[in-house]
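If you want our numbering, it's the 1-based position in the sequence shown plus 47.
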Amino acid sequence: MRKLCLDLGTKSCGFAISDPLCIIATGLENYRFEENRFDLVIQRVKYYLNLTDYKNSIDTIILGYPVRMDLSKSERTYMVEKFAEMLKTEINLPIYFQDERQTTRNAEDILISAGFSRKKRKTKKDSLAAQLILEDYLRRYHG
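As structure tokens, then:
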């Protein structure tokens, strides 16, 4: 079964998905939405859950969990926790948090080293960060 991963921000959300064997993570999209309109992100999650290619094959949602380097919570941590509670009322799948420290920075570094322009990096960064978060999760729990 597949895992769907989200790297949630206040105006964009990176999406990534695993293969059915939970070996490979692939970035799907960098979804832009009106600031703090998390209901739109939930609609997008439902879109993926009902997409023909993924229908009935996603069994888990992974959310990037933005804690500080000292593991304390930030405003973004509470935002993600609140989003998880909203999502639980809309879908009937387990939701797990995965430490996302440094993933956006690592995604940015990868895109810079690959020669992407600043404009192109902006369109790819969040989905690549979601992919990195999901790769960490798969290594930890399915590796």
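Where is the CB? At the ideal position from N, CA and C, for every residue including glycine.
Check	Outcome
Where does the unbroken beta strand (DSSP E) through alanine 161 begin, and where does it stop?	Neither: alanine 161 is in no beta strand (DSSP E) and is coded neither H nor E.
Less than 8 Å separating the beta-carbons of threonine 77 and serine 174?	First, the amino acid is wrong: residue 77 is asparagine here, not threonine. Contact flag set, yes.
So what's glutamine 149 in DSSP terms, helix, strand or just coil?	coil
Using three-state DSSP, classify isoleucine 180 as helix, strand or coil.	helix
Could you check the C-alpha separation between leucine 55 and aspartate 106 for me, to the nearest Å?	19 Å
Using a Cβ-Cβ cut-off of 8 Å (strictly less than) and excluding sequence neighbours within five positions of valine 88, which residues of its own chain qualify?	Leu53, Leu55, Cys60, Tyr78, Phe80, Phe130
Could you give the first and the last residue of the continuous beta strand (DSSP E) run that contains asparagine 97?	Element bounds for asparagine 97: not the beta strand (DSSP E) but the alpha helix (DSSP H), 85 to 97.
Here's the rule: buried if 16 or more other CB atoms are within 10 angstroms of the residue's CB, otherwise exposed. What is isoleucine 71?	exposed
Based on Cα-Cα distance, which residue from Tyr143, Leu134, Leu158 lies nearest to lysine 172?	Leu158
Work out the CA separation of valine 92 and methionine 48 for me, nearest whole Å.	16 Å
In the DSSP output, what is alanine 72 paired with across the bridge?	Ser65
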